[in-house]
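Below: the structure, in structure tokens.
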Amino acid sequence: KDIHYLNARSTNKFTLADIPPGNYVGMSFHIGLNVDTNKTGKLPGKTENLNMAWPEPMGGGYHFLKFEGHFKDSTGATLGYAMHVGTDICLMKVTIDHPFDIRYLNQAQVMTMNVNQWFTDPVTYDLSTANYIMGDPDNMLKIAGNGVNVFSMD
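Each number in the numbering used here corresponds to the 1-based position in the sequence shown with 48 added.
If you want it as structure tokens, here you go:
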């Protein structure tokens, strides 16, 4: 029910409050914002939300995911990339089928994100053919489709 903004440079944990103790078969969550929330101005005017704003001329709302940086192509040349995913069609539902037990409130549970998986499963994504995808629904959907497989639990 809560929205959590995670920046890989600074965030490696967050709290899901009020999870009752018990035995669980797994968990599900979304990467992105539901249709009612993914509208310009629906999130508080904090810096992290403003930095994730999707341009109004492209439909408004918010980015769900941003990867930016550099990579070496097959010739060894260094190229830039900007993988920005957003819009309602790219809302990702992640389901992790891995049993775990919660014995007390605010218990730590480790979940891992494999960053490389965003580019490899189920679709191998080649940055040298499309290294900027904002506004490109076909390529945004490829990355979003890969997003359902990036998380695991220990």
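Don't be surprised by glycine CBs; every beta carbon is placed ideally from N, CA and C.
Keep in mind it's a predicted model, so treat the numbers as computed, not measured.
Along the chain, where does the beta strand (DSSP E) that runs through MET201 open and close?
199-201
Alpha carbon to alpha carbon, what distance is there between ASP186 and ASP66?
38 Å
Can you say whether THR123 is buried or exposed, counting buried as having 16 or more other CB atoms within 10 angstroms of its CB?
exposed
Taking the beta carbon of THR143 as the centre, do at least 16 other beta carbons fall within 10 Å, making it buried, or is it exposed?
exposed
May I have the straight-line CA-CA distance separating ASP145 from HIS111, to the nearest angstrom?
27 Å
In whole angstroms, what separates the C-alpha of ASP169 from that of THR95?
32 Å
C-alpha distance - GLY89 paired with GLY134, whole-angstrom precision
15 Å
Using the Cβ count rule (16 or more neighbours within 10 Å means buried), how would you classify ALA130?
exposed
Indicate whether ALA192 and CYS138 have their beta-carbon atoms separated by less than 7 Å.
yes
In terms of alpha-carbon separation, which member of THR59, ALA101, MET161, ASP84 lies closest to VAL198?
MET161
Within 7 Å, strictly: CB atoms of GLY183 and MET106
yes
Roughly how many whole angstroms lie between the Cα atoms of LYS190 and LEU113?
13 Å
Determine the extent of the alpha helix (DSSP H) in which ALA130 is found, giving its start and end residues.
Not the alpha helix (DSSP H): ALA130 falls in the beta strand (DSSP E), residues 126-134.
With H, G and I counted as helix, E and B as strand and the rest as coil, what does DSSP make of THR143?
strand
Reduced DSSP category for ASN194 - H, G, I as helix; E, B as strand; rest coil
helix
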